[in-house]
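Student: Heads up: the sequence shown at position 73 corresponds to 483 in the working numbering, and the numbers run straight through without jumps.
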Amino acid sequence: MNRRVFLSQTIAAASVGAAMSSSTFGSEISWQNVVEPLRDAVARGQVRAAAFYGRLGGAVYGESFGEATDQHASFLLGSISKPIAIAAVMSLYDDRAIGLNDPVSKFLPEFRGEGRDSVTIQHLLTHVSGLPDQVPENAELRRGHAPLSRFVAAALQLKPAFKPGTSYEYSSMGILLACEIAQRLSGKTIDRLVSEKVTKPLGMSDSSLGVSGLRPEQLVSVQTEFGAPEAGGGSAESKSWDWNSPFWRQLGAPWGGMHSSAQDVGKFLETFLRHDGKILKPQTSRLMVKNFNLNGLPTRGLGLDVGLEELKVAGMERAFGHTGSTGTIGWADPAHDRICVVLTSLPARALEVHPRLLVTERFCGLAQSN
């Protein structure tokens, strides 16, 4: 079994994220207990590659497994891509180019009529716009290796299934339209905007919306035989457009096409835990982790989950982050000053209890005991 501990030193609270430690977290055995589900899953051949990054106070630890050769292994994040892309979109909010209550049609005039005019940017970012997750032409567009602009054109034809703000439906296409607004206002592609506004300022050198700047040997392949049908999972004919295909890797879909390492996702979460102003004004980063969905709707910040349902632990109501269908999870908990990132090659739907959740449970348990 191929296993690498890549982060293990003591750090001061003032330099969180710069170096890694286990000493204030407990013993080395404590860390090994946390990552044991990943180690076991790789040893059994269930998971081909995995990486872990965890921080609790001044203690930070990282380890990679299997085909993840080192700390620079870059996994397809799936929907963890969404908050990273939306952080770039929110840079326009900082510039006062957009407001949360602005109607989408103000910036996308094609998006009018049949209930579309009442959809706001906030609705898009909190999944209450009434738009579906994917366009009906999703598989057709992927098979034809359509550019991102074709997905945008199809998304602009969607209409709300309910009055915006009154119900909830997870919508990747809502995120895409928010990113299209950012593209039009900035005059830059969303992958370039993510690079300039998020990954470069945070030093996320193993990250890209798409694969630009990443080395081929860095990229971890998804076990697509377990993937969702809409992503080409389990179909031989989908090899040219599934998660591992050159088409998908290069598309840079803001709803699911980001590649990143565990420690880079940790850097992203850290800036929203600290509200340090590195990529957004502190008040804007606080907005992103605030719950906007009231009246019993699933809790959501702006592009981020708030109080993730996967974290069924008391006192985690303020935790925020996201999961990815490619087998990933990343979250931060301001109440206990901790971050947990688990990236794997095994799609989430492959197992009822995925190793990413087992690691999360162990980390939560150990953190509460310290």
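For each residue, glycine too, the CB sits at the ideal point set by N, CA and C.
Figure out for me which residue from S596, V621, D450 and L697 has the closest Cα to the Cα of D505.
Tutor: S596
Student: Quick one: residues in its chain with C-beta nearer than 7 Å to the C-beta of S622, no 5 flanking neighbours on either side, listed in chain order?
Tutor: D601
Student: I'd like the list of long-range same chain contacts for S528, defined as Cβ closer than 6 Å, with 5 residues on each side in sequence excluded.
Tutor: P574
Student: Going by the beta-carbon positions, is the gap between K700 and G713 smaller than 8 Å?
Tutor: no
Student: Can you give me the start and stop residues for the beta strand (DSSP E) that S474 sits inside?
Tutor: A469 to G476
Student: Assign V499 to buried or exposed, taking buried as 16 or more other Cβ atoms, counted over all protein chains shown, within 10 Å of its Cβ.
Tutor: buried
Student: Drop a sphere of 10 angstroms on the beta-carbon of A745, count the other beta-carbons inside from all chains shown, and report buried for 16 or more, exposed for fewer.
Tutor: exposed
Student: Is the distance from the Cβ of Y471 to the Cβ of G676 below 8 Å?
Tutor: no
Student: Per DSSP, P513 is paired with what?
Tutor: T530
Student: Mind checking which residues open and close the alpha helix (DSSP H) that includes Y578?
Tutor: Y578 -> no alpha helix (DSSP H), and no H or E assigned at all.
Student: From the DSSP output, in three-state form, read off M668 for me.
Tutor: strand
Student: Out of E524, L707, S484 and G667, point me to the one whose CA is closest to V538's CA.
Tutor: L707
Student: On a Cα-Cα basis, can you pick out the residue from D686, P664 and T770 that is closest to I490?
Tutor: P664
Student: Could you tell me the distance, in whole angstroms, from the CA atom of L768 to the CA atom of Q628?
Tutor: 26 Å
Student: CA-CA distance, F636 and Q442?
Tutor: 27 Å
Student: Between V630 and E524, what straight-line distance do the alpha-carbon atoms span, to the nearest angstrom?
Tutor: 43 Å
Student: Does the Cβ of C774 have 16 or more other Cβ atoms within 10 Å, making it buried, or fewer, making it exposed?
Tutor: Its Cβ being crowded by 16 or more others within 10 Å, C774 is buried.
Student: Can you tell which of Q544, L568, P557 and I494 has its C-alpha closest to the C-alpha of L670?
Tutor: The question names Leu, yet the displayed sequence has Ser at residue 670. Per the Cα distances, I494.
Student: Less than 6 Å between C-beta atoms, sequence neighbours within five positions excluded: which residues of the same chain meet that for F435?
Tutor: With a pLDDT of 38 at F435, under the threshold of 50, the predicted position of this residue should be treated as unreliable, though the coordinate-derived value follows. L466 and A469.
Student: Which residues in the same chain have their Cβ closer than 6 Å to the Cβ of F521, if we skip the five residues on either side of it in sequence?
Tutor: V514, S515 and L566
Student: On the criterion of 16 or more Cβ atoms from any shown chain inside 10 Å, does V452 qualify as buried, or is it exposed?
Tutor: Buried, by the Cβ-count rule.
Student: Taking buried to mean at least 16 other C-beta atoms within 10 Å of its own C-beta, is K607 buried or exposed?
Tutor: buried
Student: Quick check on the burial criterion: 16 or more other C-beta atoms within 10 angstroms. Buried or exposed for S650?
Tutor: Sixteen is the threshold: since fewer than 16 other Cβ atoms of the shown chains lie within 10 Å of the Cβ of S650, the residue is exposed.
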